[in-house]
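As structure tokens, the structure follows; a few thoughts come after it.
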DNA sequence: GTGAAACTGTGATTTAATTAACAATATTTC
DNA sequence: GAAATATTGTTAATTAAATCACAGTTTCAC
Ligand SMILES: NC(=O)c1ccc[n+]([C@@H]2O[C@H](COP(=O)([O-])OP(=O)(O)OC[C@H]3O[C@@H](n4cnc5c(N)ncnc54)[C@H](O)[C@@H]3O)[C@@H](O)[C@H]2O)c1
Ligand SMILES: NC(=O)c1ccc[n+]([C@@H]2O[C@H](COP(=O)([O-])OP(=O)(O)OC[C@H]3O[C@@H](n4cnc5c(N)ncnc54)[C@H](O)[C@@H]3O)[C@@H](O)[C@H]2O)c1
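Protein chains in written order, with our numbering: chain A, 1 to 207; chain B, 208 to 414.
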């Protein structure tokens, strides 16, 4: 049974706060505390936690360590998943640098590009392969997720290669919407739209 | 009257496709064509367009140029809005470089940092100011939107400065959720969550 | 010019997501 | 140890978003 998309997002966010709590020595947390950390309500938090079937010790709040672990059981794959970054320009490089070394079940283990100045170089410890070796490398390294940061005009073509190579999830940072096979999960991550949305609501509340 | 959030997002996306169409010399477009470009349905497109009160010439589809203009009337502010990037690290630099020069009503006109190696330097034509001049510069340059790309541990503090300085919209790229005054619009743009969400659905469809 | 075909615009309906309401349970106070 | 308090888990109600269904136009074919 698949959780609602918004719940999955919130669980990921909760987990990060919970890890923070743990560092601060907090062992238990109430639904309303978690809610306050995340612009939402205590009921919403409890509902999300209900979805994953965890129950707290009544009246004491949720056991932080346990909750982290249960969320992990839901979100993480047992052995983690391998990730590739496609297009190592400004954004691709920023992302790669950022993610590498983060303790996580998602490991960026390869990047791809077509620029000969980048190919075979190592960026933040991750090797850059030529795009035409995509299928091979995806296979041998068991990569299932791609982060797309190629220029807009090669996005469609590259996305087809990705599907062909056996990628099962795509996080698309390019500004053009993609079409992938129905068994491939696609998330469009659109900065321009986000910025325009902020601008719209700023404009509207000014009036 | 305020449009639903999702509709605003889609309008921004439609506009980009429409601009593309224009370049390709397409003068009219049907709802189902626009839908196909954006993983959604013709009815959804028509409903969104109905929201903004535009009507097509029956049976010919929407006039591309007109529709772009009407969406612009809804989304854009008359004179555009000024934007600042706070924290010019890897991500801040990538974003600044990307946005500058894009024909748009949203202009990145300043960046801020605390690192003396960055302050007073010009990045992609945009000057970097010291953070302690935030209020002054926001005032004199009439900046209303901030893109936050500072390290997580200074995010909360910086967000307070932003609100204090009179910023009205924040696009937050840091991994910790912020709390801003109720009249400030905040969008959390969370890459880790997005990636974890992709991973979850990949994991689930594998089974 | 008449009938069929192709689209749009929108009221009605359905589905999904959120919020309200409250019983059940544990804890504290006196 | 009874009453008051705080918190969870869940059913029911509400609200928001998406989809269906179809009437109303325009165009096209003949
Ligand atoms: N930088 C941003 O903040 C930002 C914001 C919004 C959207 N985007 C989108 O993200 C993408 C990347 O942006 P960027 O600023 O990093 O651009 P960039 O030009 O700095 O990087 C693009 C990289 O992709 C490589 N590349 C080109 N064709 C390729 C191919 N067919 N296969 C693999 N690699 C290829 C290039 O060699 C380069 O290294 C663009 O599509 C852009 O629209 C970026
Ligand atoms: N790079 C990514 O792909 C990525 C992904 C997810 C989240 N993020 C988040 O985005 C933020 C920036 O990431 P990054 O990779 O660019 O980091 P970075 O370390 O490269 O850049 C941070 C910049 O902020 C500046 N800074 C530090 N304190 C500041 C302050 N108080 N005021 C203004 N500027 C200050 C630093 O001098 C530096 O220039 C981080 O919060 C990170 O969690 C980044």
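Here a beta-carbon is modelled for each residue, glycine too, at the ideal position from N, C-alpha and C.
query = Name the residues in the stretch 61-81 of chain A whose C-beta lies less than 7 Å from a C-beta of chain B; which are they?
reply = 75, 77 and 81
query = How about residue 293 (chain B) and residue 372 (chain B): are their beta carbons less than 8 Å apart?
reply = no
inquiry  = My output table needs one value for residue 387 (chain B): the three-state DSSP class, helix, strand or coil.
reply    = coil
query = Which residues of chain A have a Cβ atom closer than 7 Å to the Cβ of residue 376 (chain B), listed in chain order?
reply = 198, 199, 201 and 202
inquiry  = Is residue 309 (chain B) a contact residue of ligand 1, with contact defined as CB to any heavy atom under 7 Å?
reply    = no
Separation of residue 129 (chain A) from residue 356 (chain B), as counted between CA atoms = 29 Å
task = Please state if the CB of residue 11 (chain A) and the CB of residue 406 (chain B) are separated by a distance shorter than 8 Å.
result = no
query = Any heavy atom of ligand 1 closer than 7 Å to the Cβ of residue 379 (chain B)?
reply = no
ask   = residue 210 (chain B) by DSSP, collapsed to three states: which one?
value = coil
Alpha-carbon to alpha-carbon, residue 63 (chain A) and residue 57 (chain A) = 8 Å
inquiry  = Would you say the beta carbon of residue 177 (chain A) is closer than 7 Å to some non-hydrogen atom of ligand 1?
reply    = no
ask   = Is the Cβ-Cβ distance between residue 177 (chain A) and residue 244 (chain B) less than 8 Å?
value = yes
inquiry  = Residues in the same chain with beta-carbon distance under 7 Å from residue 32 (chain A), minus the five sequence neighbours each way, listed in chain order, please.
reply    = 42
task = Quick one: which residues of the stretch 128-142 of chain A get their C-beta closer than 8 Å to a C-beta of chain B? List them in chain order.
result = none
inquiry  = For residue 318 (chain B), report the span of its beta strand (DSSP E) as first-last.
reply    = 313-320
request  = Tell me residue 28 (chain A)'s beta-bridge partners as DSSP assigns them.
outcome  = A:63
task = Name, please, each residue of chain B whose Cβ falls closer than 8 Å to the Cβ of residue 177 (chain A).
result = 220, 224, 244, 245 and 246
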